[in-house]
Structures are given as C-alpha cells and as structure tokens.
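Structure first, then comments.
2 protein chains.
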Amino acid sequence: MAAKRSGTRSKRSQGISVSLQSVQEPRSESPLSRERIVATAVELLDAQGLDGLTMRRLADRLGSGVMSLYWHVDNKEDVFDLALDSVLEYRGPPQIVASQDWRGEVVHMLEDWRASMLRHPWSASLLPRRALGPNILSRLELLSKTLSRAGVADADLNVAIWSLWNYVMGATITRANFDLSDDGGAATQQRLARLSERYPRIERSRLLLDNDWDGAFRKGLGFLLDGLAPRQ
Amino acid sequence: MAAKRSGTRSKRSQGISVSLQSVQEPRSESPLSRERIVATAVELLDAQGLDGLTMRRLADRLGSGVMSLYWHVDNKEDVFDLALDSVLEYRGPPQIVASQDWRGEVVHMLEDWRASMLRHPWSASLLPRRALGPNILSRLELLSKTLSRAGVADADLNVAIWSLWNYVMGATITRANFDLSDDGGAATQQRLARLSERYPRIERSRLLLDNDWDGAFRKGLGFLLDGLAPRQ
DNA sequence: GAATGACTCGTACGCTGCACGAGTCATTCG
DNA sequence: CGAATGACTCGTGCAGCGTACGAGTCATTC
Chain A
183 MAAKRSGTRS KRSQGISVSL QSVQEPRSES PLSRERIVAT AVELLDAQGL
233 DGLTMRRLAD RLGSGVMSLY WHVDNKEDVF DLALDSVLEY RGPPQIVASQ
283 DWRGEVVHML EDWRASMLRH PWSASLLPRR ALGPNILSRL ELLSKTLSRA
333 GVADADLNVA IWSLWNYVMG ATITRANFDL SDDGGAATQQ RLARLSERYP
383 RIERSRLLLD NDWDGAFRKG LGFLLDGLAP RQ
Chain B
183 MAAKRSGTRS KRSQGISVSL QSVQEPRSES PLSRERIVAT AVELLDAQGL
233 DGLTMRRLAD RLGSGVMSLY WHVDNKEDVF DLALDSVLEY RGPPQIVASQ
283 DWRGEVVHML EDWRASMLRH PWSASLLPRR ALGPNILSRL ELLSKTLSRA
333 GVADADLNVA IWSLWNYVMG ATITRANFDL SDDGGAATQQ RLARLSERYP
383 RIERSRLLLD NDWDGAFRKG LGFLLDGLAP RQ
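Pasting the structure below:
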C-alpha cells in the first residue's frame with residue numbers, strides 16, 4: 183500500500199517556506215491557508231453561532247472543496263481551537279493608566295477580556311473546554327505579575343488568579359447566553375410573570391430584568407478585589 | 183387530511199389522569215414515561231457525556247423505538263432541559279449549621295451546588311445556555327434571603343447574587359472540563375514543560391498543576407464573601 | 001524527463017435528529 | 001354491542017453532519 187502521511191499534528195509544513203509566491207495570485211480566489219480558514223471560521227461563528235460552523239459551509243465561503251480544508255487543519259476541533267485563540271489577543275493597558283495603579287490594570291485587562299469574548303459570544307462557551315492557547319496564558323501571566331505587585335501573598339496567588347478567572351468566565355458565559363436565548367422578550371416576560379408568586383424576592387429585586395451587565399460586572403469585580411487585596 | 187396535533191409544548195396530557203393503571207404492569211418492561219426517559223437520559227449523560235446522548239441510544243436503553251420518545255418529549259433540547267433540572271434539587275442546609283451562621287449557610291449551599299454539578303459534569307456546561315428551571319430559581323431565592331439577612335444592602339443585592347453565581351459557574355465549568363480533557367497526564371505534562379520558558383510565573387506557581395480544587399473553591403469564595411460583607 | 005511534495009477535491013460511509021404516517025390497544029360513547 | 005376516540009408505539013425515510021480514502025493537478029527540484 184502507498185505510504186500514508188500521518189501523525190497527530192497537522193500535515194501542512196510548518197517550516198520556513200521561502201517560495202516567492204508566483205505572480206498569479208488571483209487564480210479564482212486567493213489560495214487556501216490556515217489563516218484564511220481561521221478568519222473565515224470566525225466570521226461564520228459570529229454570524230451563525232457554534233452550531234452554524236460546519237466544514238461544508240466553511241468550504242463554501244472559502245470557495246474550496248470540503249476536503250481541502252483538511253490539508254491545513256487536523257479536524258473540526260482544530261478549527262475551533264484556532265478560532266478561539268485568534269480572538270483572545272491582548273494588546274496591554276493604555277498609557278493613560280498610571281503604572282502604580284494595579285487595580286486599574288487588572289480591571290482593564292479583565293474588562294477587555296470579557297469584551298473580546300462578548301464580541302464573539304461562541305468563544306465564551308468554548309474556552310473552558312479547549313486547551314489553553316498562548317493568548318490566554320499571556321493574560322494569566324500578566325495577571326499574576328500585577329497581583330503580586332499589588333501585594334497579594336505568594337500563598338494566595340493561585341487562589342486569587344483562579345477566583346478572577348472563575349468570575350470572568352461565569353459572568354461572560356452567562357451574559358453571552360442570555361443574549362443568545364433571548365427570543366425577543368415576549369415569552370421571557372410571560373415566564374417571569376408566572377415566577378413572581380413562587381419566587382418573590384427574585385421578582386421584587388428584578389434580578390432577571392436589571393440589565394446593566396457592564397456595571398454589575400465592574401461592581402462585582404470590585405467586591406472580589408476588595409476581598410483579595412483589602413484597601414488599607 | 184387528518185387533524186394533526188400540534189403546539190409548541192409536549193403532546194402528552196398534563197391533566198389529571200385518573201386511570202387506575204390496569205394490573206398488567208410488567209408487559210415486557212415498564213411503560214415509557216417522561217420520568218423514566220429523564221432518569222435514563224441522566225444515566226446516559228453521566229456515562230457518555232454530552233455528545234454521548236443520542237435519541238437512538240436513549241431509546242435502546244429504554245427498550246423502545248426511537249420515535250416513541252417524541253410522544254413524551256418535544257425534542258432533544260427538551261430532554262436536556264429536563265435532565266438538567268432533575269439534577270439541581272437542593273434539600274437545604276443541615277441542622278448542624280446554626281441558623282445565625284449566614285456564612286456557613288451560603289458556603290454550604292454553593293458547595294452543594296457545585297458538587298451536584300460535578301457529579302454530573304455535563305450539567306455545568308448546560309446550565310448557562312438553558313432556561314432557568316425551578317430548582318435553580320429556588321436556590322437563588324434562598325441565596326437572596328440569606329444575603330439580605332447577612333446585612334448586604336438592598337442596592338448591592340443583585341450584584342452580590344450575580345457575583346456568587348458567576349464564581350460558582352466559572353469554577354464548576356472550569357473544573358468539569360479539566361476533568362474531561364485530561365488525557366491521562368502525559369501529553370499535558372509535556373505541554374506544560376514547554377510553557378515554562380514563555381510563562382515563568384505560571385510555571386513557578388504551578389498554577390496549572392495544583393489540584394486542590396475544593397480548597398481553592400472554598401478559599402476564593404471566602405475572599406469574595408469578605409468583599410461582599412466585610413467581617414466587622 | 002522523471003520524481004517529489006504541496007495542495008485540491010469527489011465520492012462514500014456511518015452517524016445524527018426528527019417528520020410522517022401507519023399501526024396497537026384500552027376506554028368511552030351512542 | 002359496535003364504533004369512535006385518544007394514548008401511545010414504532011419503521012421508514014430524509015437531509016445534513018464529520019471525515020477516510022484515493023485520485024487528481026501543478027510548480028519545483030534533481
């Protein structure tokens with residue numbers, strides 16, 4: 183039988199490709215590439231959600247055959263991983279933030295993180311079940327550095343990072359899914375009305391109706407930071 | 183054409199069924215019922231995970247035909263909703279906890295919540311994207327009551343509840359998925375080794391290796407509660 | 001001019017959720 | 001008593017999915 187290429191990683195060469203990219207670029211469309219596939223996957227995910235991404239649709243958008251994708255990519259999971267990572271880059275805090283203001287830096291980074299995920303709501307559901315990509319790890323590294331500078335004890339550092347991770351993930355996943363499952367409000371309102379009898383406090387406090395998500399995120403984050411590094 | 187039953191809710195009668203359940207119960211097996219379907223779905227989900235639940239497998243386990251399920255249940259989503267809710271019941275704090283100890287009550291309830299979800303790891307991924315069932319709402323209602331009693335200001339109550347929700351959801355989802363994606367450790371170890379150069383602090387603090395999850399959950403929860411209702 | 005490697009793609013397989021319509025059987029009604 | 005009704009079961013069939021496999025194309029290198 184013919185020699186079959188195999189191996190658990192992608193087949194495409196990772197080495198230096200010095201080919202001078204001959205002139206006829208727009209043959210029918212630009213050629214397939216891992217980058218183009220990932221970018222299109224993100225488009226598709228944004229437009230259609232997690233279930234909306236199928237290899238067939240992806241190939242259609244790229245103007246290629248379905249199986250061509252598998253040259254550049256191991257499998258569908260790989261596409262998810264790459265799309266997720268491509269969306270989580272962090273460019274660092276703005277200059278405006280004073281470098282002594284650790285609290286401002288943490289808040290900025292976590293709000294940016296949350297915002298990135300909400301811009302691509304599928305990413306929030308994806309992150310916990312996929313391996314940690316380089317961009318998330320960079321964020322955690324930075325977080326660790328900043329908290330340490332803020333005076334969090336070494337023994338508490340892991341717990342502090344996990345707590346913030348948990349808070350951000352929970353908040354973002356919840357928010358993203360409220361958006362998704364919102365059918366326009368009519369059915370939701372009706373459901374809530376029936377709740378008021380059984381769950382008076384939830385109803386009274388309008389827990390499920392108050393939708394200042396950004397404010398609540400920031401305020402709750404403030405409470406958590408208070409607990410982690412009490413203001414003296 | 184024949185009159186076709188329809189409607190967005192399930193077809194099976196919800197009303198009082200006074201039929202005396204004639205004696206021949208063990209015909210071949212017990213008859214199909216919504217309860218039996220849900221219980222078996224939970225079994226299947228526990229054993230095979232989210233992707234492991236298919237209507238065909240479910241029907242097989244129940245000794246029935248696939249389409250018979252659809253008499254009792256609207257569609258597959260419905261099965262997920264019912265299974266999720268059936269798993270999240272809360273029986274209240276033990277008597278041991280003094281009734282003045284609001285902190286103990288909150289911690290108990292949230293730890294129980296997390297434990298329930300970890301006993302059925304698929305539930306954690308499911309909860310944020312499904313509608314809120316009665317059992318979760320009960321928990322929130324109770325939480326609201328307890329926090330209020332603890333002295334959390336009315337204006338902060340919503341934020342407090344959401345913060346705790348976020349923390350629990352994030353912690354549980356993360357934990358559940360670490361379990362799932364753990365391939366035995368070999369590959370993970372290798373991956374981590376390569377990280378130590380690029381992310382020295384993460385490596386040094388053994389952030390990804392320390393696996394005292396329960397302790398970290400409790401300790402981080404303590405920090406958050408400190409922020410929400412400072413001990414005087 | 002043959003060989004190689006990068007890349008594309010059509011076909012096919014086994015799996016999925018579920019629409020539809022044809023059944024079975026106990027209970028109720030005229 | 002016979003017919004009708006409603007509760008329930010189930011087989012067939014369809015469209016869509018991920019992807020294995022093998023056959024192709026084409027530029028570059030020996």
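For the record, the sequence lines run as chains A and B.
Numbering-wise, the first sequence is residues 183 to 414 according to my numbering.
Numbering-wise, the second sequence is residues 183 to 414 according to my numbering.
All C-beta atoms, glycine included, are put in the ideal place defined by N, C-alpha and C.
None of these values were measured; they are calculated from a predicted model.
Judged by DSSP in its simplified three-state form, HIS302 of chain B adopts coil rather than helix or strand. Counting C-beta pairs closer than 8 Å gives three or more between the region 343-353 of chain A and the region 339-351 of chain B, which meets the contact rule. Using a Cβ-Cβ cut-off of 9 Å, ASN348 of chain B counts as an interface residue toward chain A, since at least one Cβ of chain A sits closer than that to its own. Counting only Cβ-Cβ distances below 7 Å, ALA353 of chain B has contacts in chain A at ASN348, in chain order.
Judged by their CB atoms, TRP304 of chain B and ALA358 of chain B are nearer to each other than the 9 Å cut-off. In the three-state scheme derived from DSSP, where H, G and I count as helix and E and B as strand, ASP256 of chain B is classed as coil. Listed along chain B is no residue with a C-beta nearer than 7 Å to that of LEU308 of chain A; the closest approach is about 10 Å. Secondary structure within the region 332-411 of chain B: the alpha helix (DSSP H) runs of 4 or more consecutive residues, fully enclosed, are 336-363, 368-380, 382-386, 395-410 (chain order).
Residue range 216-230 is occupied by the alpha helix (DSSP H) that includes THR222 of chain A.
Pairing ASP260 of chain B with GLY315 of chain B gives a Cβ-Cβ distance that is not under 9 Å. Restricting attention to A:TYR272, A:LEU264, A:GLY247, A:PHE405, the CA atom closest to the CA of ALA342 of chain B is found in A:PHE405. Our two residues, ARG216 of chain A and VAL255 of chain A, have alpha carbons roughly 7 Å apart in a direct line. According to the DSSP assignment, LEU270 of chain A belongs to no alpha helix (DSSP H), since it is labelled neither H nor E. For ARG239 of chain A, the uninterrupted alpha helix (DSSP H) run begins and ends at 237-244, by DSSP. HIS302 of chain A places its beta carbon 9 Å or farther from that of ASP396 of chain A. DSSP, reduced to helix, strand and coil, places GLY315 of chain A outside both helices and strands of the structure shown, so it counts as coil. Under the Cβ distance rule, PRO275 of chain B does not count among the residues neighbouring chain A, no pair being separated by less than 9 Å. Taking LEU339 of chain A as the centre and dropping the five residues before and after it, the same chain places the C-beta of SER326, LEU329, SER330 closer than 8 Å to its C-beta, in chain order. Separation of SER345 of chain B and LYS401 of chain A (C-alpha to C-alpha, rounded to the nearest whole angstrom) is 9 Å. Here the alpha carbons of ASP233 of chain B and ARG238 of chain A stand approximately 21 Å from one another. A straight-line Cα-Cα distance of about 17 Å links LEU403 of chain B and ALA335 of chain A. Flagged as an interface residue toward chain A: PHE405 of chain B, by a C-beta distance shorter than 9 Å. In its chain, beyond the 5 residues on either side, ASP267, LEU270, LEU309 have a beta carbon closer than 8 Å to the beta carbon of ILE318 of chain A. Between the alpha carbons of ASN257 of chain B and GLU323 of chain A lies a gap of roughly 44 Å.
As the crow flies, the alpha-carbon of MET249 of chain B is around 28 Å from that of GLY231 of chain A. Excluding its 5 nearest sequence neighbours in each direction, LEU264 of chain B has C-beta neighbours in its own chain below 6 Å: VAL220, listed in chain order. By the CB criterion at 9 Å, LEU407 of chain A and VAL289 of chain A fall inside the cutoff. Within the region 375-404 of chain B, the residues whose Cβ lies closer than 7 Å to some Cβ of chain A are LEU377, TYR381, ARG383, ILE384, SER387, LEU389, ASP392, ALA398, LYS401, GLY402, listed in chain order. Taken in chain order, the members of the region 329-341 of chain B whose beta-carbon sits within less than 9 Å of a beta-carbon on chain A are SER330, ASP336, ASP338, LEU339, ASN340, VAL341. By the CB criterion at 9 Å, ARG296 of chain B and PHE399 of chain B fall inside the cutoff. Under the criterion of beta carbons closer than 8 Å, ALA223 of chain B and LEU235 of chain B qualify as touching, at roughly 6 Å. Taking each of B:THR356, B:ALA332, B:ASP242 in turn and checking the Cα distance to ALA313 of chain A, the smallest one comes out for B:THR356. Rounded to the nearest whole angstrom, the C-alpha separation of TYR272 of chain A and GLN282 of chain B is 45 Å.
In the three-state reduction of the DSSP assignment, SER281 of chain B falls in the coil class.
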